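For reference, the structure is listed below as structure tokens.
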Amino acid sequence: MASTACFMIVSKNDIPIYEAEVGTVPKKEDAAHQHQFILHAALDIVQDSAWSTSAMFLKGIDRFNDLAVSVYVTAVIHTRLMLLHDSRNDDGIKSFFQEVHELYIKTLLNPLYLPGSRITSSHFDTKVRALARKYL
Amino acid sequence: MVEPENTRLGKMLLDEITPVVMVLRTPLVEESCRKNGLSFIEMLSPFCNFNNIDVPVRTASDHPYRLRKFKLRLFYASEIRQMNSEVAKDRLKQVVTHAGDRDISELCSDPPAIETIVATSELEIVPSWFQTFNKQLVDAVSFSEHESFDHPVACLVAVSSKDQEHIDKLVDLFDTNQLPSLLNDGAMDPKILKYFLLVHDNQDDILEKSTGILTEMRSTFGAHDCRMLCINSSVDGSEEHHENPWASYRNNALHKKQFGCFINVDDIEELKTTMQDLSSKHIIPHMELKIRVLNQQVSATRKGFRNQIKNLWWRKGKEDVPDNPNGTMYTFSSIESQIRVLGDYAFMLQDYELALSNYKLISTDYKLDKAWKRYAGVQEMMGLAYFMLDQSRKDAEYCMENAFSTYLKIGSGGVRNAVRCGLWWAEMLKARDQYKDAADVFFRISVEEPLHSAVMVEQASYCYLLSTPIMLRKYGFHLVLSGDLYKKCDQIKHAIRTYRGALVVFKGTAWGHIRDHVHFHIGKWSAFLGMYDEAIKHMLEVLACGHQSRAFQELFLKDFLRIIQETGKTFEVLRLQLPVINFALTKVVFEDHRTYASSAAASVRESLWRSLEEDMVPSLSVIKSNWLEIQSKVLPKKYKESNVCVAGEAIRVDVGFRNPLQIPISISNVSLVCEHSTESDETVSNASSSLINYQNDTELRTVSVSGDFSLDTPFFTLSEVGTSIQGGTSILVQLTVTPKTEGTLKVVGVRWKLSGSVVGIHNFNADVTRKKVARGNRKLKQSIKNKLEFLVIQSIPRLEGVIKNLPRTVYAGDLRRLTLELKNPSTVSVKNLKMRVSHPRFINIADQEAMDLEFPNCLKKHANSSESYNHVDCAKAPNSVFVFPETTSISADTPLVWPLWFRAAAGGSVSLCITIYYEMEDKTAVITYRTLRMYYNLEVLPSLEMSFKISPCPSRLQEFLVRMDVINKTSSESFRIHQLSCVGDQWELTLLHTVDSVFPLEYLIAGQALSCFFKLKKCQTRVTTEDNLSSLVTSARADVRLGDSDSRLFDTSISPLILFHHHERLLQEKLQQEHQSTIDFILMSESQNESESGQPRSSEILSHHTCHCRIASTSPIRWLMDGPRTLRHDFSTAFCEINLRITVYNSSEDHLSVRINTVDSTPTVIPVSSAASVSGNEEGWHDLSHLSDIKLTSDLMRSKVGKALSFESVSSFVWSGSSSTRFKIEPLSSAEVPLQVCVFSPGTFDLSNYSLHWNVLASGEGGDDEAGSRVTSSGTCQGHSYHITVLQKD
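This is how it looks when you write it as structure tokens:
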């Protein structure tokens, strides 16, 4: 499992709709904004490369110091699953993204969930954290 | 594509990589120049820059080319050495600090919008001081021994005409001991081109003397290498220059003197020609010559296949040479150095082809020698040469990257070189529009100390901004990074500047942590610099940070408050985010003609009050009965539009606050903000001095140091509340404003003080307009606007009312006397008091005499009970209005006290609304009447529950058996059953058993159930169809004492009991079907209340009413067979004839036609249909629980009949007379029918083989034939068993 991992789902309008620190290292208070900064900046890169490839999984498209950003661009309303990680486990990350994507689609199927709004479901949160433990 | 020379990097290279001229001068030379405020070099420098020198140059090739741009770099000998890293650092710091100080003024202005930033060109975005900074960085590494372009090409030796012994001076100046180490340690050729200059100061010396010296110099050093320079020709020193060539030095010099004030046009011309002469006639030819010489040399030793092989072999032999990063093994005479010099000279003379080929040649050598620094330097130059040739970009980049990484590889010594290399590299990429890559390079440069990194990262951020597609987020991120680095080096101004730049990107972002971080740090640093307004503005943005952790929330709040404290002022902040206003204006309560006794009353729905006051309040049309009256009294139109309130009476506004944080916050001085304007000058909106117009939406306002807001103005008084809100909770604050004078009062907003330092203001109107924009709901806006504007009218009386000793919790059935107290604090009296109660079941208005009676004894029967109270006022029907007697007057001193009867009629939570109407004595008042609304809520607990079952007595027609079940439903209370009364004088109630057997205990304790039986007898045979109420008179027989025998019975026919009973009847009537012959029971009980406060034990009286009890029966008729039971007869003489009588009673309200059938033979039909028909039509006669009983009885009957059949196959008696008798019975009356039976032998006979068949006749029809009367319902009842014993008479 990665020591640092920050997972985030970003909606079409670049608004974070879900975020979770899933690393094993106890979260430092000031890391939260740093992770956000890195992921936010990485959106610029995603914006470029997302349209140049047909792959959904863009691994390690951006990095900051020893942290890498991997992104999974969903086909549904251009939602991006972003992971900031320091591990090299690409296969694990890919599986993680695929599973979370499935979860996200299930969330979308919820008629009470407005696409693009914040995901507040605690069930979703638990599942994501479990997946993170499993794959990262 | 721009020509490489015209790009920024090209200019930079043409500027930087140029021949260096070492300047040696005597102190007197310097002195002469100082007169102009310039040093010698400064004086010469402007003329060393040639934009169009136009000199033909021929280097290695045979084709000459013309040089256009050329520049000489002049340095004093002492400066020609590598700069100390500390000094360099200081210089850089100076540059940064200086730049920071310069643009502090811009820090307060709002950053431009993102669109404008994108649109502006690079020059405008990137701060200009970056170039200075970069130049400083590049300069810091000049005069490295491995780079020969920094090695002096020539030496300028200057003496002043004032000097003595010129020739010696000139020789002395070129003393090797003082020369730079480069010349001495063999890094460069000490034989250097020399040029001698005699500086003639026109002010101090005469020209002739100088000319003499010059001739002397020429003879010594050669005619070409000497020259005289005349300066300071201007006498008065007031020379003005149109384009001051020295203008750029202004920054460095402190004195205000005009630069070059003693230098006139001729002097400048001479300076120009001197420098031109130096460069074109000496330096360039010298370099050309050197290039040619070196080229030949290099060609001879290194060019050609043979030489290359030789070189390789030779190099291989040196393979085991240890790594020597400094590469000191190369002296100027070594072939490697010479190749490098050749390359550099070619580069300086802009023959990049030649330079590149030489660099390539040397690069491999250095690499093989592992002279990394030199290798990197050569790679760097290769890259630049490629760039200047505009060839192979890839190669150029590769070389730069190679150089950069090699410099970094050699450790600390190469870092500064790496920085320079990186800068050039980045510039190269920028020149080719590869901004993103340039940004990466800038970011890679930022490895050294934080200050450099900060500047580099900032430059990187601008590259992101300039790249296509634009990378704003990267821009923002890198600005923030550089801001952090600036902060690390205490360059707070720069830090703020970068953060503000980043704010453009992050403004309004949904990424909460980012936004908070940026705002918080700008705020914090601004406060550090004393820019408190700015600081507070940004801190306000982060206050409502519910998503942050608790620690951060505490930090934010603490810092914010600290900043506020540091300012020492109190700020008023519009839109303070903390606490959040939850639905501003939850409720506005004001009193016009409606007044409220308590706040609870105000929260009751208006429609409820309306319906309650419906009949009491005069409608508008009633008021305007007379046109004359209209003139005087009608409210101005304005009055109707806005709300009306009365001076001196408070307007209450409920404002909801929510704390979004996890930490508690305290707010104090919460009050409303109001505007008051007098009627006379409506155009002037602000009549009150304490009012501020908040419409102009100033975000931040400083109020006086004390910051107190006067609560008591001449026009109104405000209430103030202070409270603390726990984390994540909401509170509702009730605020009031009390207008004092007439006019218009407008509630503008609410203000509060957060933690005693910041005043927040929330404007209600702004809220509304925003809402309006969002929804476009005009109606809403109208209503809220109306809600907040009040027309204040003059003071009128306002009654205050309270119901005393109304309990909060009571047991159901509790009967009490309460007192209503009305006070009128004003001097003006009121009249026409009326009152109405929402639940007359619970509260009844008593007569005033009841006040003096002793309770509860007044309810008891008096020994000489007269019929005085027997008549109950019918007018007190439910929901009637009670009108107080005219004589009732209320003054300030003597409150009106009026008794009320209270009975907890039903269980549950009960809301009692009481409204009192009154009119003003003063006719001139705008409001002529008012209502006082009182509201009480009380909890009624279940106490006793009782049920009655009445069944007809089998033996008597007018007697019934009553079974009463009582259960004590309380958890702890015990009750003493006092008496059971039935209402109505036609009933007589007696207990079947003795009291003691029924009630072994005195009390009915909690949870206990009790059943007892009564006999109910109807005294009067006939009840006339009188008024229902008038029949409710009791006789003494209707009460049964169940409790202790010594107390008197309650009189259930007097005022409160009968009134409440009446309401109970009305209520229970609704639940059940209306029927005439019903009976009402009242159970009186007492609770021995152990009152908590230790008051004397007051026995509380409870009354329970059960109304409309009916006889549990299935058929409308009841009958009784009457006759002898035993008789003797002599059967020898004749058979026995026995006369019997059947009395049939019709208990229904319809006319019945009854037929009695006597059956001698076996009945064929089993009469079950009766039950079905009865249940089909007259549902009200029984309830569902009785249905099973019916079936049971019918089954019983059937078996009985069957039994009779079996053992009496031949009956020994016959009915005589007609087998069928038919008659009619009036409602609620009885009829008697004679019957006769003939018995033939002695024995006991069961005379049950008859049946009664009844038909309900339509009322009013008296026809006796079956065909005429419409049968609506019918039924058959099997006869009761009647045993008769006939004995043989002896």
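If you're matching them up, the sequences are chains A and B in order. Residues in the first sequence are numbered from 759 upward in steps of one, following the numbering used here. Residues in the second sequence are numbered from 9 upward in steps of one, following the numbering used here. Here a beta-carbon is modelled for each residue, glycine too, at the ideal position from N, C-alpha and C. On a predicted model such as this, the values are computed, not experimentally measured, just so you know.
Task: Coil, strand or helix - residue 1013 of chain B by DSSP - done: coil
Open item on the list: Taking the alpha-carbon of residue 765 of chain B as reference, which of B/968, B/854, B/757, B/581 has the nearest alpha-carbon?
Closed with: B/581
TODO: Return the residues of the stretch 805-817 of chain A that lie within a Cβ-Cβ distance of less than 9 Å from chain C, sorted by chain order.
DONE: Looking for chain C here will not work: the only protein chains present are A and B.
Task: Interface residues of chain A facing residue 485 of chain B [CB-CB closer than 8 Å] - done: Residues of chain A passing the Cβ test: 795, 796, 798, 799.
Open item on the list: By alpha-carbon positions, which one of B/1224, B/1230, B/1253 ends up nearest to residue 1243 of chain B?
Closed with: B/1224
Open item on the list: Quick check on DSSP: helix, strand or coil for residue 965 of chain B?
Closed with: coil
Task: Local Cβ density within 10 Å of residue 240 of chain B, reported as buried at 16 or more and exposed below that - done: buried
Open item on the list: Could you give the first and the last residue of the continuous alpha helix (DSSP H) run that contains residue 4 of chain B?
Closed with: Absent from the model: residue 4 of chain B. The displayed extent of chain B is 9 to 1298, so no value can be given.
Open item on the list: Please identify the residue among B/767, B/797, B/763, B/682 whose C-alpha is closest to the C-alpha of residue 725 of chain B.
Closed with: Nearest of B/767, B/797, B/763, B/682 to residue 725 of chain B, Cα basis: B/682.
TODO: In angstroms with no decimal places, state the Cα-to-Cα distance between residue 619 of chain B and residue 1072 of chain B.
DONE: 22 Å
Task: Bounding residues of the beta strand (DSSP E) (the contiguous stretch that carries residue 160 of chain B) - done: 160-168 is the span of the beta strand (DSSP E), which, as asked, contains residue 160 of chain B.
Task: Cβ of residue 843 of chain A within 8 Å of any chain B Cβ - done: no
Task: Outcome for residue 574 of chain B when other beta-carbon atoms lying within 10 angstroms are tallied against a minimum of 16 - done: exposed
Task: Any chain A beta carbon closer than 8 Å to residue 479 of chain B - done: yes
- [ ] Might you give, ordered along the chain, the residues of its own chain that have their beta carbon closer than 7 Å to the beta carbon of residue 623 of chain B, omitting 5 neighbours on each side?
- [x] 889
Open item on the list: So, at 6 Å on beta carbons, what are the nonlocal neighbours of residue 443 of chain B in its own chain, with the 5 sequence-adjacent residues on each side left out?
Closed with: 471, 474, 475
Task: Under 8 Å by beta carbon: chain B residues contacting residue 755 of chain A - done: This structure does not reach residue 755 of chain A, given that chain A is present from 759 up to 894, and the question cannot be answered.
- [ ] Report yes or no: is there a C-beta of chain A within less than 8 Å of the C-beta of residue 522 of chain B?
- [x] By this cut-off, residue 522 of chain B is an interface position.
Open item on the list: I'd like to know if residue 321 of chain B contacts chain A, where contact means its C-beta is closer than 8 Å to some C-beta of that chain.
Closed with: no
TODO: Establish whether the CB of residue 791 of chain A and some CB of chain B are separated by less than 8 Å.
DONE: yes
- [ ] Kindly say whether residue 533 of chain B, judged by its beta-carbon, lies nearer than 8 Å to any beta-carbon of chain A.
- [x] False, the Cβ-Cβ gap to chain A never drops below 8 Å.
TODO: Determine, using beta-carbon pairs with one atom in the stretch 847-863 of chain B and one in the stretch 911-919 of chain B, whether at least three such pairs fall under 8 Å.
DONE: yes
Open item on the list: Quick check: the stretch 85-97 of chain B against the stretch 60-67 of chain B, are at least 3 beta-carbon pairs closer than 8 Å?
Closed with: no
- [ ] Confirm, please, whether the CB-CB distance from residue 451 of chain B to residue 484 of chain B is below 8 Å.
- [x] no
Open item on the list: To the nearest angstrom, how far is the alpha carbon of residue 562 of chain B from that of residue 735 of chain B?
Closed with: Residue 562 of chain B and residue 735 of chain B: Cα-Cα distance of roughly 11 Å.
TODO: Can you grab the Cα-Cα spacing for the pair residue 752 of chain B / residue 721 of chain B, in whole Å?
DONE: Rounded to the nearest angstrom, the two C-alpha atoms are 15 Å apart.
- [ ] Below 7 Å CB to CB, which residues in the same chain sit around residue 881 of chain A once its five sequence neighbours on both sides are set aside?
- [x] So no residue of the chain qualifies.
Task: chain A residues whose Cβ lies nearer than 8 Å to that of residue 468 of chain B - done: Here the premise fails: no neighbours, minimum Cβ distance about 12 Å.
Open item on the list: In this structure, how does DSSP classify residue 871 of chain A when only helix, strand and coil are distinguished?
Closed with: coil
Task: Neighbourhood of residue 840 of chain A by C-beta, 7 Å cutoff - its chain only, sequence neighbours within 5 removed - done: 766, 768, 797, 800, 827, 829
Task: Closer than 8 Å to chain A by CB, residue 1302 of chain B - done: With chain B represented from 9 up to 1298, any question about residue 1302 of chain B goes unanswered, as that position is not in the structure.
Task: Rounded distance between the beta-carbons of residue 851 of chain A and residue 885 of chain A, thought under 8 Å - done: Rounded, the Cβ-Cβ distance is 17 Å, inconsistent with contact.
- [ ] Note the first and the last residue of the continuous alpha helix (DSSP H) segment covering residue 49 of chain B.
- [x] 48-52
TODO: Scan the stretch 1110-1167 of chain B and note each continuous beta strand (DSSP E) run of 3 residues or more that stays entirely inside, going in chain order.
DONE: 1125-1130, 1134-1137, 1144-1154, 1159-1166
Task: Through-space distance from residue 506 of chain B to residue 833 of chain A, alpha-carbon basis - done: 37 Å
Task: Identity of the residue in B/466, B/375, B/223, B/1095 nearest residue 823 of chain B by Cα - done: Ranking the options by Cα distance to residue 823 of chain B, first place goes to B/1095.
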